[in-house]
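*Asks:* Count the sequence shown with mature numbering (1 follows the signal peptide of the UniProt record, and there is no 0) and you get residues -17 to -1, 1 to 277, in order.
All residues carry an ideal CB built from backbone N, CA and C; glycine is no exception.
I have a structure I would like to understand better, so I am pasting it below and will then ask my questions one at a time.
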Amino acid sequence: MLKRIVGQLLLVQLVQSCIPLAQSSESQFQAPPGGLSGKPSLSEKCANAVHCFNNIVYHVIEKELTWHLAQFECQRIGGNLASILSEEESVLIGRILSNYPSIKRSQFTVWIGGIGRMRAGKMTFSWKDGKSFNYTNFYARQLSNIAGNITDKCGNATNCHRDYIYHVNLKPLDWNTAVDECMIMGGHLTSILDEEESIYISELMFRQNIPYEYKYQVWIGGYRNTRRGRTVFEWIDRKPFGYTNFYDKQPSNVRENNCLEIFSATYRKWVNYPCWYLRPSVCKIPIENYGVKN
């Protein structure tokens, strides 16, 4: 059974994505059982490709993922979650999906690349791939109560995810000073509570111009503590330390390695190092606190 976990903003559904033809290979995209009926006319570039329209190949991923993880999967294979720009494209995608029994069983609940934001009390949408959001095909009355279902406070705020602003401090600091800097901004060194947040922070870091000597090393808000004679890791913002993503053979048992940093070329894996090392850092600030100096 597919479930919507609204409180955590995890809407778990099946995924549909599209990738540019130039970045795909024919062997990646096999027709589902029964083939595709009623395909539109194919251009010369599409002639030898399965599920191709206007020189775009469509690839169906049947794993159940959150929207952000689905987008990450699409980017990993060279594209984005699909935009739907015309009635013709909408019909084509419907025909493609009809060949997948698992999607039929889910009543055709699949992710596409549209993103909604509340702006000045009005819901506006855009496509993740940057295409114009002109053609629409919403279900009847789908938007009538949408404002009451929106919990995202980000609006037009940049570097915002799940109601938090993420601020990258490029100044190399020791861990404790980085903690103080984040607190001055109304937040904490970032916790990373699940895979989706890990991916978001990774994407954020790749957009930064980090000095070479500190590249792929950034403080986060985890630290080692001793409770009742047992050594544990905790988040400085007191969030549960459930999700972990340590590097191989980590965490280290070296006594002074008490503070967590991201340390990998993907900005995903964690290691624990001495807190006096100098690193850039990531602050996680509740959006209502952002811009309010403490």
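If I184 sits next to V265, beta carbons under 8 Å apart, how far is it from one beta carbon to the other, in whole angstroms?
*Replies:* 6 Å
*Asks:* Hey, would you say G99 sits closer than 8 Å to K111, going by beta carbons?
*Replies:* no
*Asks:* So what does E217 bridge to, in DSSP terms?
*Replies:* Y206
*Asks:* Taking only three categories from DSSP, how would you classify S109?
*Replies:* strand
*Asks:* Are I203 and I182 close, meaning C-beta to C-beta below 8 Å?
*Replies:* no
*Asks:* Tell me whether A14 is buried or exposed, calling it buried when 16 or more other Cβ atoms sit within 10 Å of its Cβ.
*Replies:* Only weak support exists for where A14 lies, its pLDDT of 38 falling under 50; the coordinates are left without a value.
*Asks:* Evaluate S26 with the Cβ neighbour count: other Cβ atoms within 10 Å of its Cβ, from every protein chain shown; 16 or more gives buried, anything less gives exposed.
*Replies:* Because S26 sits at a pLDDT of 46, beneath the cut-off of 50, its placement in the model cannot be relied upon, and the following sentence gives the value as read from the coordinates. S26 should be labelled exposed.
*Asks:* If the criterion is Cβ atoms closer than 8 Å, does the pair Y226 and D177 meet it?
*Replies:* yes
*Asks:* Output yes or no for whether 8 Å exceeds the beta carbon distance between V201 and Q233.
*Replies:* no
*Asks:* Does the region 150 to 170 come close enough to the region 191 to 200 that 3 or more CB-CB pairs lie under 8 Å?
*Replies:* yes
*Asks:* Answer yes or no: does any C-beta atom of chain B fall closer than 8 Å to that of N208?
*Replies:* As a matter of chain content, chain B is missing from the structure shown, which is built from one protein chain.
*Asks:* Of the choices E56, E180, F224, Y41, whose alpha-carbon is the least far from that of D146?
*Replies:* E180
*Asks:* Quick one: complete alpha helix (DSSP H) runs, 4+ long, within the region 156 to 181?
*Replies:* For the region 156 to 181, whole alpha helix (DSSP H) runs of length 4 or above, ordered along the chain, are 158 to 167.
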